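First the structure, in the form of structure tokens, and then the observations on it.
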Amino acid sequence: MTDVTWGDFVTLAFSRMEYALAALTLADADSPSTPGQHAARSEALADVFQLLHRGTSRFGALAPDPLGIAEGDVARLHSNVEILGRLLRDEAFYAWPEPDPAASHLAEAVGFLRFAGDLLASHHGPDGEPRSPYTAYLDSSGVARHVVAQTAELASVAGRVAVRIGQLCPSDRRVIRSHDVAYRLRERAVLIERAAIGIQRQLHSPRPSVPAPGLTHLPQAATAPPPPVRPGESQYEALRAVGGGLEWLAAHVAQQASQRLPDATVAELSIAADHSAVAHLLTARLIEHTRDLLTSDPVAQGVVEVVGGALREAAQAWQQAAASWKSGLGSAPAASNPRLVREAEFAVVRLGRTLFSPGWTRRDTGRRAPRAPHEIITAPGDATHLLAAAHAVPAAGQILAEHVPRIGSALVQRGALLSSDPAHNPRGSAPSDQFRDGWTRWYPASPEQIRHITIAYDSARQASAAAQIATARAAEAVGSPLRRAVLEADRRNTLGFTGDPSHDTRRVKAAAARARSTTVARPSDPARLPAHRASELSREVGALHPRRKTR
3 MTDVTWGDFV
13 TLAFSRMEYA
23 LAALTLADAD
33 SPSTPGQHAA
43 RSEALADVFQ
53 LLHRGTSRFG
63 ALAPDPLGIA
73 EGDVARLHSN
83 VEILGRLLRD
93 EAFYAWPEPD
103 PAASHLAEAV
113 GFLRFAGDLL
123 ASHHGPDGEP
133 RSPYTAYLDS
143 SGVARHVVAQ
153 TAELASVAGR
163 VAVRIGQLCP
173 SDRRVIRSHD
183 VAYRLRERAV
193 LIERAAIGIQ
203 RQLHSPRPSV
213 PAPGLTHLPQ
223 AATAPPPPVR
233 PGESQYEALR
243 AVGGGLEWLA
253 AHVAQQASQR
263 LPDATVAELS
273 IAADHSAVAH
283 LLTARLIEHT
293 RDLLTSDPVA
303 QGVVEVVGGA
313 LREAAQAWQQ
323 AAASWKSGLG
333 SAPAASNPRL
343 VREAEFAVVR
353 LGRTLFSPGW
363 TRRDTGRRAP
373 RAPHEIITAP
383 GDATHLLAAA
393 HAVPAAGQIL
403 AEHVPRIGSA
413 LVQRGALLSS
423 DPAHNPRGSA
433 PSDQFRDGWT
443 RWYPASPEQI
453 RHITIAYDSA
463 RQASAAAQIA
473 TARAAEAVGS
483 PLRRAVLEAD
493 RRNTLGFTGD
503 PSHDTRRVKA
513 AAARARSTTV
523 ARPSDPARLP
533 AHRASELSRE
543 VGALHPRRKT
553 R
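Have a look at this one:
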């Protein structure tokens, strides 16, 4: 007998879940189900639970490398499946006259659908060692994408089963809560369905991994940022983490620029721009402080000196970009991703600790003297790592500056960007709307109100691009050429950007429309059971519970 495969596991789980859904459709939606009907349909759900339990121990937490799937879709699928499980467990406990075994079994089953929460993590360790015995199997992108697709579809079916349980559940000890439970189950099922559709659409798209220009031109599109700053982190680890974290940050912003409603707020974008300004400034000070140890050649030292000036100009441009968000703009309540701000702050802290001391924080700006240059560069290889981190700062800054204005445009189009500036309020503002901290009447911002943001970020893009070219030339001059320096002295030309915001916006919208153009043919709901099978099931229920009557 051959060993079970992932395809066998998904096929069995899917068919049994579909059977449970078909059994649920036998009941009348207008009449609550009885405990006997619970027992009949819970038999199939119990099989699903046992299968998922065995499959979990067999396959473990599957985690393929980047597959062209938006990380936000998988995260939303994971979080909504968890909430669905909590609601089902709650319903199973409060069902009357006895606990609902169907809800209990399904709650346990969806608990094992958290495969999706790990599917975008790396199944390789930091040194390339495999973390799973299925590494060779999952290294095939086609197989890994199939696993993601089937898992998302299985979660979607579980959501539909939960909706039927909510519709047919008997009243519980808190009568006023029954309808609320059904509504909450339906709400989570809809969110799971949307996330599954998004994943399926990306998996079937002919261009699944390029929703926006620029992402595929990164040397390695990181799917997971490096670990947070920790005490005792060596300088080598810190500088490597600066490069890896900024690559993830740039890839994340590029992905957000292609979404209809990005997971970013005005406060997060402003703070990220402020962190970018500080990172450019600290990098300039690092290069200037260690110039004599980077090279002893006077000509090369002149090239290195240019880097400090270019980075300082970029820092000033990023300060203006951060200030451009502080003109009465705010965000409507929406999902946000604080990792955007945290990763930018981690880069600043690591650069500051490289320049000053291991205990440096943002609160210590300007209060500590830099370490001696020979404490920063203690070995010949330290110069290469320092220049690589210095190059990563403006490289990521350029990508951020290219895509953040498009995020702002998407927020405006979706009505998620708000303004309190009375000069643009279409309804006008009265003196009573003025408060000591500004104006209190908010309204959806217009495209004209983010024009100054686009201009500020375009200046930051040009400054970061110039600093990126300067750091690449300096690394080559000191004899430590950077591998990622091939990324672009003329990056914008290779990507086809013109510098005209309106033209570039149309180009990005067209690319995003092409990525969304492929629709996915989803299977219809399972057909009802044949009439003779339905009557058999009814007789089985009556035979098992002859004294129980339908409520």
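All the letters of the sequence shown, read from the start, carry residue numbers 3 to 553 under our numbering.
Think of the CB as a built atom: it goes at the ideal place given N, C-alpha and C, for glycine as much as any other residue.
Note that the structure is a prediction, hence the values are computed from the model and not measured.
Reducing DSSP to helix, strand and coil, say where residue i ends up.
i: S421; result: strand
i: Y136; result: At Y136 the pLDDT is 46, less than 50, meaning the model places this residue with poor confidence; the figure from the coordinates comes in the next sentence. Three-state DSSP puts Y136 in coil, outside helix and strand.
i: L331; result: strand
i: P446; result: strand
i: A317; result: helix
i: G361; result: coil
i: S236; result: coil
i: D265; result: coil
i: V231; result: coil
i: P221; result: Reliability of the predicted coordinates at P221 is poor, the pLDDT of 30 falling under 50, and the value obtained from them is presented with this limitation in mind. Reduced to three states, the DSSP call for P221 is coil.
i: P300; result: helix
i: G158; result: Strictly speaking, residue 158 in this sequence is Ser, with Gly absent from that position. Here S158 sits in helix by DSSP.
i: R370; result: coil
i: S326; result: helix
i: A259; result: coil
i: W441; result: Residue placement at W441 cannot be trusted, given a pLDDT of 45 that sits under 50; the coordinates are not used to answer.
i: T520; result: Unreliable placement is indicated for T520, whose pLDDT of 43 sits below 50; the coordinate value is still reported in the next sentence. In this structure, T520 counts as coil in the three-state DSSP scheme.
i: R209; result: Confidence at R209 is low in this model, with a pLDDT of 37, below 50, so the placement of that residue should be treated as unreliable; the coordinate-derived value is given next. Of the three classes helix, strand and coil, the one that applies to R209 here is coil, per DSSP.
i: H254; result: helix
Let's see if you can read the secondary structure: which residues bound the alpha helix (DSSP H) around residue i?
i: D384; result: P382 to Q415
i: T473; result: R453 to A479
i: I273; result: V268 to H291
i: T356; result: R341 to L357
i: P375; result: P375 to I378
Closest to residue i by CA distance: which of the options is it?
i: A385; options: L193, V395 and V480; result: V480
i: L331; options: T473, A418, A476 and A157; result: A418
i: Q318; options: A105, P375 and Q464; result: Q464
i: A160; options: P233, V83, P407 and R88; result: V83
i: S421; options: R293, G310 and W327; result: W327
i: S278; options: A105, A252 and A157; result: A252
i: A469; options: R262, Y238 and V308; result: V308
i: W320; options: A390, P300 and A403; result: A403
i: A394; options: T267, A447, S461 and A472; result: A472
i: R370; options: R355, G383, H376 and T380; result: R355
i: I273; options: S411, V244 and E345; result: E345
i: Q257; options: V406, A269 and L89; result: V406
i: L248; options: A275, R190 and A381; result: A275
i: I379; options: G310, E478, L241 and L342; result: L241
i: R408; options: F348, L108 and D265; result: D265
i: R287; options: G310, A390 and V301; result: G310
i: E155; options: V268, G246, R416 and I194; result: I194
i: V301; options: R475, G87 and L86; result: R475
i: I452; options: V414, A269, R373 and I289; result: V414
i: L353; options: A325, A381 and L388; result: L388
i: P229; options: A316, E347, L271 and R416; result: E347
i: H254; options: L108, L342, V163 and R190; result: L342
i: A316; options: A412, R162, G304 and P396; result: P396
i: R416; options: S448, P233 and I401; result: S448
i: L284; options: P446, S482, T363 and H454; result: T363
i: L271; options: A325, S482, P382 and A164; result: A325
For residue i, would you say it is in contact with chain B, using Cβ-to-Cβ distances shorter than 7 Å as the test?
i: V308; result: Note that chain B does not occur in the displayed structure, where there is just one protein chain.
So, using beta-carbon positions, are residue i and residue j closer together than 7 Å?
i: V351; j: V192; result: no
i: A198; j: S260; result: no
i: L313; j: H291; result: no
i: A323; j: Y238; result: no
i: L89; j: R186; result: yes
i: L295; j: V306; result: no
i: G410; j: S466; result: no
i: A391; j: G245; result: yes
i: F358; j: P340; result: no
i: R190; j: I289; result: no
i: G87; j: A105; result: no
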